[in-house]
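A short worksheet on the structure shown next.
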Amino acid sequence: MPELPEVETVKETLKRQILGKRIDKVDVRCERIVRGIPVSEFTHDLSGHVILDITRQGKYIFFHCDGIVMVVHLRMEGKFFLKPDTDPYEKHEHVIFVFSDHTTLRYHDVRKFGTMELMSPGTEQLAKGVDKLGLEPFATGFGKDYLKPLVQKSKRPIKSILLDQTVVAGLGNIYVDEVLFRAKLDPKRPGTSISDHDLEQIAVFSKQVLAKAIELGGSTIRSYVSSLGVTGRFQNELKVHTMVGKPCPVCGTVIEKTKVGGRGTYYCPHCQK
DNA sequence: AAGGGTGTTGAAAG
DNA sequence: GCTTTCAACACCCT
Numbered sequence: 719m720p721e722l723p724e725v726e727t728v729k730e731t732l733k734r735q736i737l738g739k740r741i742d743k744v745d746v747r748c749e750r751i752v753r754g755i756p757v758s759e760f761t762h763d764l765s766g767h768v769i770l771d772i773t774r775q776g777k778y779i780f781f782h783c784d785g786i787v788m789v790v791h792l793r794m795e796g797k798f799f800l801k802p803d804t805d806p807y808e809k810h811e812h813v814i815f816v817f818s819d820h821t822t823l824r825y826h827d828v829r830k831f832g833t834m835e836l837m838s839p840g841t842e843q844l845a846k847g848v849d850k851l852g853l854e855p856f857a858t859g860f861g862k863d864y865l866k867p868l869v870q871k872s873k874r875p876i877k878s879i880l881l882d883q884t885v886v887a888g889l890g891n892i893y894v895d896e897v898l899f900r901a902k903l904d905p906k907r908p909g910t911s912i913s914d915h916d917l918e919q920i921a922v923f924s925k926q927v928l929a930k931a932i933e934l935g936g937s938t939i940r941s942y943v944s945s946l947g948v949t950g951r952f953q954n955e956l957k958v959h960t961m962v963g964k965p966c967p968v969c970g971t972v973i974e975k976t977k978v979g980g981r982g983t984y985y986c987p988h989c990q991k
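Heads up: the first sequence begins at 719 in the working numbering, then just goes up one per residue.
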């Protein structure tokens, strides 16, 4: 369920629920989720440590413990649930963190794409993927001038450029469609064709859309079971994404669905040039 | 009922 | 390099 607003919501919810808890043991039932080190080392290194803080960068979540940092990416369908340790494990609960207070944090991931990796405190910026992240839309310095060389020197479709996490950290398939609709840009336009004014629009709407989505707790589409902290309400604000066949809220033209860079893409063929 | 699609990303191939 | 395609996996919907 991960784009920046959903990950932010998960992070905030987790902070309220598990800060200060001590990990007694970790049960890994799907080994491929743990990256970089053997599972035995992963569980050993986390056991006995207290969760002191939880932070987010792009779509990555950092669990800061005393002496170790766990870097998690939810990929397509990763979710966390807090449950009593007496609850039976469910089918897709692949990593279970058992706390000393007999609660458990369950990592649920139907497709098993999510990742967890351990870093020494202070080196988490070097984690794979994190090391190449571009600026978040809210970061100081994010704006037209930052985007200019990254966008205007690329022939790739503007949508693909904005999905590239080394360019903008945090935008994903939903919010890119929404940003490009508000900026009135055809998702297939090559980066080289994007004007300075367009870049300004992209920067402004990236901030605006993500801020509103965070405020509403992210989006819940595809009727997911509500996961920890993620029963968002931004889906009610979506203007194009998932709206194929519906009228454009601006001009009434029927919203179309196409494919850009292999991703399902919703847009208004009249408004977005 | 097989095939295409799904809020991601990185490895491989061109 | 840069850009595109595809695989990782399980499930849902035509």
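Each residue gets a CB set at the ideal place from its N, CA and C atoms; glycine is no exception.
With contacts defined as CB atoms closer than 9 Å, residue 832 and residue 796 qualify as a contacting pair. Comparing C-alpha distances from residue 851 to each of 865, 890, 883 and 873 shows the shortest one belongs to 883.
Under the three-state reduction of DSSP output, residue 848 falls in the helix class. Spatial neighbours of residue 743 in its own chain (CB-CB distance under 6 Å, excluding positions within 5 residues in sequence) are listed in chain order as 765 and 816. Of the residues 870, 938, 918 and 767, the one whose Cα lies closest to the Cα of residue 836 is 767. By the 16-neighbour rule on beta-carbons within 10 angstroms, residue 783 is buried.
In the structure shown, the three-state DSSP call for residue 919 is helix. Assignment of residue 968 by DSSP, reduced to helix, strand and coil, places it in the coil class. In the three-state scheme derived from DSSP, where H, G and I count as helix and E and B as strand, residue 885 is classed as coil.
Straight-line spacing of the CA atoms in residue 721 and residue 777 works out to 6 Å. Per DSSP, the unbroken beta strand (DSSP E) holding residue 799 starts and ends at 797 to 802. As DSSP reads the structure, residue 985 sits in a beta bridge with 974.
In the DSSP assignment, residue 900 falls within the unbroken alpha helix (DSSP H) covering 891 to 900.
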